[in-house]
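To start, the structure itself, in structure tokens.
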Amino acid sequence: MSDGQHSADAAIAPVPRVTMQAFCETAEIATVLQASAGDRRMQKAHVKVQMGGAPAALEAYRTAPTPNVIVLESSGERGALLGQLDSLADVCDPGTKVLVVGHVNDVVLYRELTRRGVSEYLIAPVQVLDVVRAVSELFHAPGAEPVGRTIAVVGAKGGVGASTVAHNLAWALAGKLLNSTVIVDLDIAFGTAGLDFNQDPPQGISEAVFAPDRLDSNLVDRLLSKCSDHLSLLAAPAALDRTVDLSETALDGILDILRASIPTIVFDVPHVWTAWSRRLLVGADEIVIVAAPELASLRNAKNLYDLLRGGRPNDQLPKVVLNMVGVPKRPEIPVAEFATALGTQLASVISFDAQLFGTAANNGQMIAEVQPSGKAADVFADLAGAVTGRAEQKSGRGGFLEPILARLSRRKAS
Numbered sequence: 160m161s162d163g164q165h166s167a168d169a170a171i172a173p174v175p176r177v178t179m180q181a182f183c184e185t186a187e188i189a190t191v192l193q194a195s196a197g198d199r200r201m202q203k204a205h206v207k208v209q210m211g212g213a214p215a216a217l218e219a220y221r222t223a224p225t226p227n228v229i230v231l232e233s234s235g236e237r238g239a240l241l242g243q244l245d246s247l248a249d250v251c252d253p254g255t256k257v258l259v260v261g262h263v264n265d266v267v268l269y270r271e272l273t274r275r276g277v278s279e280y281l282i283a284p285v286q287v288l289d290v291v292r293a294v295s296e297l298f299h300a301p302g303a304e305p306v307g308r309t310i311a312v313v314g315a316k317g318g319v320g321a322s323t324v325a326h327n328l329a330w331a332l333a334g335k336l337l338n339s340t341v342i343v344d345l346d347i348a349f350g351t352a353g354l355d356f357n358q359d360p361p362q363g364i365s366e367a368v369f370a371p372d373r374l375d376s377n378l379v380d381r382l383l384s385k386c387s388d389h390l391s392l393l394a395a396p397a398a399l400d401r402t403v404d405l406s407e408t409a410l411d412g413i414l415d416i417l418r419a420s421i422p423t424i425v426f427d428v429p430h431v432w433t434a435w436s437r438r439l440l441v442g443a444d445e446i447v448i449v450a451a452p453e454l455a456s457l458r459n460a461k462n463l464y465d466l467l468r469g470g471r472p473n474d475q476l477p478k479v480v481l482n483m484v485g486v487p488k489r490p491e492i493p494v495a496e497f498a499t500a501l502g503t504q505l506a507s508v509i510s511f512d513a514q515l516f517g518t519a520a521n522n523g524q525m526i527a528e529v530q531p532s533g534k535a536a537d538v539f540a541d542l543a544g545a546v547t548g549r550a551e552q553k554s555g556r557g558g559f560l561e562p563i564l565a566r567l568s569r570r571k572a573s
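Using our numbering, read the sequence shown as starting at 160 and increasing by one per residue.
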């Protein structure tokens, strides 16, 4: 191999923690894609290769979430491929990137694929590095949007179960939707994520927050604890050897690193009101406010909701979860009245179940592990769909066409 080839190989950036599924028509392309999954630059990605082409992809995603990247091989003529892609768009989730491997050098086809929002078109035969480079450039090309989507979960007051909601939401995102997810426990002194996931990492987020000069992607990788195939934890040390007086921008560096490599980041935000917590909430892609059906919770949730709605005029409205509903003998604000006072619909209502939630907490398990088919597990799965846009997506057209159509709409509006 020439020095120039070595240089070109080295210039390929590592692929972030994304999920990728390939649907091939020929054994040759399947072999190349399988070999690509073993390349050192793809070691963080979850890759699955199967046969069947576009029809198999369409069948697979009728009832299942789509991954971050779909690779389709097609040896058919132009019209058939475009028709298959149009059908696939009906079941594709927002943000999914599609890479097509074709067998014809057709400029008109390439233009049609681009118009439909397809990210890349490779002409067979392809080599391992062709695939690795194409996938890498989906996320590292100039102008490419950051990989990560941030979801901040905060309690309207202490003791409403915001951490429990955050942790089970992250579990559902990783387990049900197969999103590569990191849960970040920001309650450095008293965080419970390590306990809830039965993890006891020797290091945690304090190593990144209190040593910004050492902060880089390698350090963050070392600090992550693996909870499952798609879920990692950046735990809090829960130690009182130092006070936690963070500056407003203290979390910016770690946020940038996480967004560059991880598709979904769930922040478990403690019930504090500081410059850094406000900055994190206002800057999040999605916000979940957790409240209980009582007066102080309603007042605080209303204040948070109004402030964040005003501070994010061009973003999704905060989602409000009413937790611990139905505590025996406790006077409660009815669910409908709570929603009316807030001026918004509730995203989820979680019934009080001391046995279920207490068992999960004491065993270091998630609700879906203790009671997989229960109502509470379904609530968290539905909330995961809502914060990712997948709840609405299955019922309407969009998929990988949505980002490009949205850009076109904005151009026409301007």
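For each residue, glycine too, the CB sits at the ideal point set by N, CA and C.
Computed from a predicted structure; not experimentally measured.
query, result
"Along the alpha helix (DSSP H) that carries Gln584, what are the first and last residues, could you check?", "Not covered by the structure: residue 584. The range shown for the chain is 160 to 573."
"What does Leu390 pair with, by DSSP beta-bridge criteria?", "Thr340"
"Just how far apart, CA to CA, sit Pro175 and Leu383?", "14 Å"
"Reducing DSSP to helix, strand and coil, say where Gly261 ends up.", "strand"
"Helix, strand or coil for Met179 per DSSP?", "strand"
"Any idea if Lys184 is buried or exposed, counting beta-carbon neighbours within 10 angstroms, 16 or more meaning buried?", "The question names Lys, but residue 184 in the sequence shown is Glu. Classification of Glu184: buried, given that the 10 Å Cβ count is 16 or more."
"Can you say whether Lys385 is buried or exposed, counting buried as having 16 or more other CB atoms within 10 angstroms of its CB?", "exposed"
"So what's Asn473 in DSSP terms, helix, strand or just coil?", "coil"
"For Leu281 versus Asp289, is the C-beta distance shorter than 8 Å?", "yes"
"Which residues share a DSSP beta bridge with Lys203?", "Partner(s): none; Lys203 has no beta bridge."
"Would you give the residue range spanned by the beta strand (DSSP E) that Glu296 belongs to?", "Counting along the chain, Glu296 falls outside any beta strand (DSSP E), though it belongs to the alpha helix (DSSP H) covering 287 to 299."
"Helix, strand or coil, according to DSSP, for Lys316 in the structure here?", "coil"
"Looking at Pro214 and the ligand ATP, is the gap between the Cβ and the nearest heavy atom below 7 Å?", "In terms of ligand content, the structure shown is empty, and the ligand ATP therefore cannot be addressed."
"Taking just the CA atoms, how far does Ile347 sit from Asp400?", "11 Å"
"If we require 4 or more residues per run, which alpha helix (DSSP H) segments fall completely within the segment 410 to 446?", "411 to 420, 434 to 442"
"Could you give the DSSP three-state label for Pro173: helix, strand or coil?", "coil"
"Quick one: any contact between the segment 312 to 325 and the segment 362 to 369, if contact means 3 or more CB pairs under 8 Å?", "no"
"Within this structure, are the beta carbons of Ile448 and Ala315 separated by less than 8 Å?", "yes"
"With Asn482 and Gly334 assumed to form a contact (beta carbons below 8 Å), what rounded beta-carbon distance in angstroms separates them?", "With 8 Å as the limit, Asn482 and Gly334 do not qualify as a contact, their Cβ atoms being about 20 Å apart."
"Going by Cα to Cα distance, which pick from Pro490, Glu445, Trp435 is closest to Val425?", "Glu445"
"For Glu218, tell me which candidate among Ala248, Asp355, Ser406 has the shortest Cα-Cα distance.", "Ala248"
"Could you compute how far the alpha carbon of Gly254 sits from the alpha carbon of Ala283?", "26 Å"
"Are the CB atoms of Pro422 and Ser510 nearer to each other than 8 Å?", "no"
"Going along the chain, which residues of its own chain have a beta-carbon closer than 7 Å to the beta-carbon of Ser456, five neighbours each way excluded?", "Ala315, Lys316, Val319, Ala450"
"I'd like to know if the segment 224 to 244 and the segment 256 to 263 are in contact, where contact means that at least 3 CB-CB pairs between them fall below 8 Å.", "yes"
"If I follow the unbroken beta strand (DSSP E) through Val480, where does it start and stop?", "478 to 484"
"Is Arg549 helix, strand or coil when you go by DSSP?", "helix"
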